[in-house]
Amino acid sequence: MRRPVALRLHAALATAVVGIAVAVALPSPQASAAAGSATGYATQNGGTTGGAGGQTVRATTGTAIHAALCGRASSSTPITIEVTGTINHGNTSKVSGSSCNTADGVIELKQISNVTIIGVGSGAVFDQLGIHIRDSRNIIIRNVTVRNVKKSGSPTSNGGDAIGMESSVRNVWVDHVTLEASGGESEGYDGLFDMKDDTQYVTLSYSILRNSGRGGLIGSSESDRGNGYITFEHNLYENIDSRTPLLRGGIAHMFNNHYNGLHESGINSRAGARAKVDSNYFRNSKDVLGTFYTSERGTWQVSGNIFDNVTWSSPGSDNYPAGPNVTSTTTVSVPYSYRLDAASCVPDIVRQTAGANTGLRVSDGNCTPQSPAPTTPGPTTPAPTTPPPGTTTPPPSGGTNLSLVSGAGADGSSKADGTSYGNVRDGNLSTYWSPSGSTGTVSIKWGSATTVSRVVIREPSGTSGSIGSWQLVNNDTGAVLASGSGAGQITFGATSLKKINFKINSSSGTPRVGEFETYAS
Numbered sequence: 001m002r003r004p005v006a007l008r009l010h011a012a013l014a015t016a017v018v019g020i021a022v023a024v025a026l027p028s029p030q031a032s033a034a035a036g037s038a039t040g041y042a043t044q045n046g047g048t049t050g051g052a053g054g055q056t057v058r059a060t061t062g063t064a065i066h067a068a069l070c071g072r073a074s075s076s077t078p079i080t081i082e083v084t085g086t087i088n089h090g091n092t093s094k095v096s097g098s099s100c101n102t103a104d105g106v107i108e109l110k111q112i113s114n115v116t117i118i119g120v121g122s123g124a125v126f127d128q129l130g131i132h133i134r135d136s137r138n139i140i141i142r143n144v145t146v147r148n149v150k151k152s153g154s155p156t157s158n159g160g161d162a163i164g165m166e167s168s169v170r171n172v173w174v175d176h177v178t179l180e181a182s183g184g185e186s187e188g189y190d191g192l193f194d195m196k197d198d199t200q201y202v203t204l205s206y207s208i209l210r211n212s213g214r215g216g217l218i219g220s221s222e223s224d225r226g227n228g229y230i231t232f233e234h235n236l237y238e239n240i241d242s243r244t245p246l247l248r249g250g251i252a253h254m255f256n257n258h259y260n261g262l263h264e265s266g267i268n269s270r271a272g273a274r275a276k277v278d279s280n281y282f283r284n285s286k287d288v289l290g291t292f293y294t295s296e297r298g299t300w301q302v303s304g305n306i307f308d309n310v311t312w313s314s315p316g317s318d319n320y321p322a323g324p325n326v327t328s329t330t331t332v333s334v335p336y337s338y339r340l341d342a343a344s345c346v347p348d349i350v351r352q353t354a355g356a357n358t359g360l361r362v363s364d365g366n367c368t369p370q371s372p373a374p375t376t377p378g379p380t381t382p383a384p385t386t387p388p389p390g391t392t393t394p395p396p397s398g399g400t401n402l403s404l405v406s407g408a409g410a411d412g413s414s415k416a417d418g419t420s421y422g423n424v425r426d427g428n429l430s431t432y433w434s435p436s437g438s439t440g441t442v443s444i445k446w447g448s449a450t451t452v453s454r455v456v457i458r459e460p461s462g463t464s465g466s467i468g469s470w471q472l473v474n475n476d477t478g479a480v481l482a483s484g485s486g487a488g489q490i491t492f493g494a495t496s497l498k499k500i501n502f503k504i505n506s507s508s509g510t511p512r513v514g515e516f517e518t519y520a521s
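Using our numbering, the letters of the sequence shown correspond one by one to residues 1 to 521.
Pasting the structure below:
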């Protein structure tokens, strides 16, 4: 495994005091604790809002973080703790109180709820000190770096996990964090992001996990199967041996992640687990998906992924790689909406948005980074409302893109030089179809009748507004399913057909269609 030079410890001891509530604008974009809201499975089970609506305090030491928790009226009183500077063993001590249960040498979020911890100002670094979440719910951790947490050697913290959750944990959102080690188990490190003993409804988003033997696990043993409903989106896993993650039982959804330099194995679905793996980019890695190191197999549903210089081992009695011909072995439905970037632009979008101190930037679902609006997060609605037929919205995606399934094809009325009908179903927003003039038709077709109720039209990267008025037509019958203008999502009554036409009736110049996605629901 390629390992970086061990990080030096820059420990600045600070007085363990908690600041007063912040009443002025903070000095950097990432400093707003109110910007953005949870995504994925963290939106379910009542939602994840952390300390929204409660007091905001500033902490510069680990002891001050503990004191903020212990100073609340109760263990469930909402609080946002803004952290700046370096948190380490020298400034992290146990604090006692009726609303907390803390310990030396670890940030302890134990038997509490409704807490947000967010890095502000020039950043927050938890150096050789892990964050432990136990018997707790509704927790948000954002914009922090946790590095070089050890389970052996000196100093040790949190069993060697950068962030660890266990024992009846519910609704945790970890966002825009950087989790890193300087080696593997032999150097004293364990997992970067571990969940076990009844941990559910967790999202890890826009984060970096790197330079470790183990990325993380869901379930500590083959019998620990009560964990699940975990979402991993827009994360970078880099220079890691295995466990990205290891999933025992339960359901996990991985979409738009970039996996680079996985040396032994990647997503390890085992012991009855089900993994939904959508539009990820795997590069320079080995055995990125499958069941490994056990005969108790798991399953996966795959769609839109790119495997770039990925090698696969041969199957064995405890080794079941998904490749080289990666196909789905189960189906997984998720209860939330999500925007899906094309896998081809995932490395670039993740590079611009993931990790601490990146301004909490996110993707707009069109491979473009954007800064979050400074609105106060509130309870999320588990199920999205359906727009009226024919309306267009920024295009969320979910389920299987039927344009990409085996047996699907594309054709149309004409094509401009250098473009192709097939470009609208290649999962690549850098390629596209254009008609030979300002109007024309492009179609998706199947060899047998296929039920469709939703279409997403995506313009190629760097293009917007070229498509004017359009009609969506059932080619089999000539019936108009929907009409409108501009690219985006189109919904209509579920229709069984063999061919569907996107007919452009007007445009500003020559229109371009990057992807013509079709969905059953």
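For every residue, glycine included, the Cβ atom is placed at its ideal position computed from N, Cα and C. Just so we're clear, the structure is a prediction, and the values are computed from it rather than from any experiment.
Nearest-angstrom beta carbon gap, residue j and residue i [assumed within contact, 8 Å]
i       : j       : result
Thr-329 : Val-172 : With a Cβ gap of about 28 Å, Thr-329 and Val-172 do not count as contacting.
Val-169 : Arg-134 : 7 Å
Ala-271 : Thr-294 : 7 Å
Gly-121 : Thr-84  : 4 Å
Ile-490 : Leu-472 : 6 Å
Gly-188 : Asn-114 : Contact doesn't hold; Cβ gap of about 34 Å is too wide.
Asn-305 : Ser-285 : Their Cβ separation, rounded to whole angstroms, is 12 Å, which puts Asn-305 and Ser-285 out of contact at 8 Å.
Thr-520 : Leu-402 : Per the sequence presented here, residue 520 reads as Ala, with Thr not at that position. Correct: roughly 7 Å between the Cβ atoms.
Ala-124 : Val-144 : 5 Å
His-132 : Val-106 : 5 Å
Ser-506 : Ser-483 : With a Cβ gap of about 12 Å, Ser-506 and Ser-483 do not count as contacting.
Phe-282 : Ser-265 : With a Cβ gap of about 12 Å, Phe-282 and Ser-265 do not count as contacting.
Phe-516 : Val-405 : Phe-516 to Val-405, Cβ: 14 Å. No contact.
Reduced DSSP secondary structure (H/G/I, E/B, other) of residue i
i       : result
Ser-403 : helix
Leu-69  : helix
His-537 : Since the first residue shown for the chain is 1 and the last is 521, residue 537 is missing from the structure and cannot be characterised.
Asn-88  : coil
Arg-243 : coil
Tyr-206 : coil
Tyr-519 : strand
Glu-513 : Reading off the sequence shown, one finds Val at residue 513, where the question assumed Glu. It is a strand residue.
Ala-181 : strand
Asn-101 : coil
Val-95  : coil
Lys-503 : strand
Ala-273 : coil
Asn-158 : helix
Val-144 : coil
Thr-80  : strand
Gly-40  : helix
Ala-522 : Because the chain in this structure spans residues 1 to 521, residue 522 falls outside the shown range and cannot be described.
Residue(s) in a DSSP beta bridge with residue i
i       : result
Gln-200 : Arg-170 and Gly-228
His-258 : Leu-236 and Tyr-281
Lys-150 : Tyr-189
His-132 : Glu-108 and Gly-164
Gly-412 : Val-442
Gly-290 : Asn-268 and Pro-321
Ser-212 : Gly-183 and Ile-240
Val-424 : Answer is none; Val-424 lacks a bridge partner.
Ser-113 : Arg-137
Leu-217 : Leu-246
Ala-124 : Gly-85
Gly-119 : Val-83
Asp-194 : Gly-164
Asp-175 : Arg-142 and Ser-205
Any contact between the stretch 54-64 and the stretch 36-46? By contact I mean 3 or more CB pairs, one from each, below 8 Å. At 8 Å Cβ cutoff, the stretches do not touch.
Cβ pair count under 8 Å reaching 3, the stretch 430-440 against the stretch 476-488: Taking one beta carbon from each stretch, the stretch 430-440 and the stretch 476-488 have fewer than 3 pairs nearer than 8 Å; the two do not touch.
Which full runs of the beta strand (DSSP E) of 3+ residues lie inside the stretch 451-500, going along the chain? Within the stretch 451-500, the runs of beta strand (DSSP E) at least 3 residues long that lie entirely inside it are, in chain order, 469-474 and 480-485.
Contained alpha helix (DSSP H) runs [length at least 4] in the stretch 300-372, N- to C-terminal order: Within the stretch 300-372, the complete alpha helix (DSSP H) runs of at least 4 residues are 346-353.
Cβ pair count under 8 Å reaching 3, the stretch 227-237 against the stretch 179-191: Between the stretch 227-237 and the stretch 179-191 there are fewer than three inter-stretch CB-CB distances shorter than 8 Å, so the stretches are not counted as touching.
Assess contact between the stretch 445-453 and the stretch 412-422, defined as three or more Cβ pairs (one per stretch) separated by less than 8 Å. Is contact present? In short, these stretches do not touch, since the Cβ pair count stays below three.
For the 8 Å Cβ check, are there 3 or more pairs between the stretch 69-81 and the stretch 93-104? The stretch 69-81, when compared against the stretch 93-104, does touch it at the 8 Å Cβ threshold.
Assess contact between the stretch 247-257 and the stretch 329-345, defined as three or more Cβ pairs (one per stretch) separated by less than 8 Å. Is contact present? Yes, since at least three Cβ pairs between the stretch 247-257 and the stretch 329-345 fall closer than 8 Å, the two stretches touch.
With a cut-off of 8 Å, do at least 3 Cβ pairs link the stretch 318-332 to the stretch 350-362? Too few Cβ pairs lie closer than 8 Å, so no.
Check whether the stretch 206-220 and the stretch 181-194 are in contact - that is, three or more C-beta pairs closer than 8 Å. They touch, by the three-pair rule.
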